[in-house]
Amino acid sequence: MKKLGLIGGTGPESTLLYYRKFVYESNKRTGETFFPNLTIESINVYDVLAMCAKNDHQGLVNYLAKAITNLVSAGADVIALTGNTPHIVFRELQSRSPVPLVSIIESTCEEVKTQGIKRVGLLGTRFTMEEDFFKKPFIEASIEIITPHSAEIDYISDKIHHELERGIVNQKTQAVFISIIKRMYRDEGIEAIILGCTELPILFTDVELPVKALDTIDIHIESIFKALE
33 MKKLGLIGGT
43 GPESTLLYYR
53 KFVYESNKRT
63 GETFFPNLTI
73 ESINVYDVLA
83 MCAKNDHQGL
93 VNYLAKAITN
103 LVSAGADVIA
113 LTGNTPHIVF
123 RELQSRSPVP
133 LVSIIESTCE
143 EVKTQGIKRV
153 GLLGTRFTME
163 EDFFKKPFIE
173 ASIEIITPHS
183 AEIDYISDKI
193 HHELERGIVN
203 QKTQAVFISI
213 IKRMYRDEGI
223 EAIILGCTEL
233 PILFTDVELP
243 VKALDTIDIH
253 IESIFKALE
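Take 33 as the starting number for the sequence shown in this note's numbering and just add one per residue.
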C-alpha cells in the first residue's frame with residue numbers, strides 16, 4: 033500500500049476519527065497482522081479559521097503548502113486534508129503539490145450523485161456554508177444544495193468553533209442541531225444532510241435523524257483507499 037499523509041488538527045477530534053477509521057479499515061481490508069504506515073502533520077485549526085475570516089487565501093495556501101512539503105519529505109504518496117474548510121484553497125494546493133491530493137468535496141459530490149440525491153442540506157463552518165467552494169461541484173451536477181437560515185448559520189458556526197473543535201458534546205447543542213435538520217427537511221424538502229464539518233459526527237453518534245446523514249469522513253476515507261491502490 034502507498035503511504036498516506038494527513039494534514040490534521042483541523043480540528044483534533046476529526047483527526048482522531050480519521051486515524052482510527054483509516055487504520056482499522058486498513059487492517060480489516062488487508063489482514064489481521066497489518067496496520068498502515070502513515071504520517072500526520074498536525075496544524076492549528078484556529079490559524080486556518082483566522083485566515084479564512086480575513087479572506088487571506090494566499091496566506092492559507094502558503095500555510096498548508098508547508099504541511100504538504102513536510103508530508104512529502106516524510107514519504108507520503110497521497111495526501112488528504114482532514115477538514116472541509118481548508119478545501120477553500122484545494123485547487124491552489126493541488127496545483128502546487130508534487131503528489132495527489134484527495135478532495136473531500138469532490139468525493140462527497142460523487143457519493144451524492146451515486147445515491148441519486150437531487151436536493152441535499154449542508155451543515156459546516158460558516159465558510160463552508162456561505163462560500164461557494166463546497167457548493168460549486170454540486171451546482172455543476174444540477175444538485176440543489178440547501179444551507180440553514182442566517183441565524184442558524186450563526187449558531188452552528190459558534191458551536192463548532194467553541195465546542196466541537198474542543199471535543200465538547202453538549203446535549204442542548206445536539207438538540208438544536210437536530211431541530212435545524214428537521215426544519216430543513218420539513219420546510220426545504222432536503223433528501224439528505226451533509227455533515228460538512230469533520231467534527232460533526234461526534235455530535236450525531238447514535239442519534240436518529242429524519243433524513244440520511246452523509247458523513248464526509250467516511251466518504252473521504254473510501255476515496256483515499258482508492259487513491260492508495
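Using N, Cα and C, we set each Cβ at its ideal position, and we do this for glycine too. Remember, predicted model here, so these are calculated numbers, not experimental data.
Pairwise C-alpha distance: residue j and residue i
| i | j | result |
| --- | --- | --- |
| Val239 | Asp79 | 32 Å |
| Pro180 | Leu155 | 8 Å |
| Phe67 | Glu172 | 38 Å |
| Leu133 | Glu223 | 29 Å |
| Ile188 | Phe170 | 22 Å |
| Glu143 | Ile136 | 11 Å |
| Glu184 | Ile212 | 7 Å |
| His119 | Gly63 | 33 Å |
| Met83 | Ser105 | 25 Å |
| Ile111 | Val243 | 31 Å |
| Leu103 | Arg218 | 45 Å |
| Phe159 | Asp247 | 18 Å |
Buried versus exposed, by CB contacts within 10 Å (16 or more), residue i
| i | result |
| --- | --- |
| His194 | exposed |
| Ser46 | buried |
| Ser58 | buried |
| Gly43 | buried |
| Ser139 | buried |
| Gly228 | buried |
| Lys204 | exposed |
| Ala99 | buried |
| Tyr50 | buried |
| Lys191 | buried |
Test item: CB-CB of residue i and residue j under 8 Å
| i | j | result |
| --- | --- | --- |
| Ile225 | Leu235 | no |
| Gly148 | Met216 | no |
| Lys34 | Asp109 | yes |
| Gln157 | Thr230 | It is Thr, not Gln, that sits at residue 157 in the sequence shown. Not a contact, by the Cβ cut-off of 8 Å. |
| Phe54 | Ile253 | yes |
| Val93 | Glu73 | no |
| Ile256 | Leu36 | yes |
Candidates the options, of which the one nearest residue i by Cα
| i | options | result |
| --- | --- | --- |
| Leu70 | Asp88, Ile210, Gly40 | Gly40 |
| Leu232 | Gln90, Lys34, Ile200, Glu261 | Ile200 |
| Cys141 | Phe166, His119, Leu125 | Phe166 |
| Glu197 | Arg52, Lys60, Met83, Asn76 | Asn76 |
| Ser127 | Leu96, Asn116, Thr117, Ser105 | Leu96 |
| Arg52 | Asp250, Asn116, Ser255, Lys258 | Asp250 |
| Thr117 | Gly107, Leu103, Asp164 | Asp164 |
| Glu176 | Lys60, Ile210, Gly221 | Gly221 |
*Which runs of the alpha helix (DSSP H), 4 residues or longer, sit entirely within the segment 169-216?*
182-194, 203-215
*Could you pull out every unbroken alpha helix (DSSP H) segment of at least 4 residues lying fully inside the segment 102-133, listed in chain order?*
122-128
*Mind pulling the beta strand (DSSP E) runs of 3 or more residues that sit fully within the segment 41-100?*
70-74
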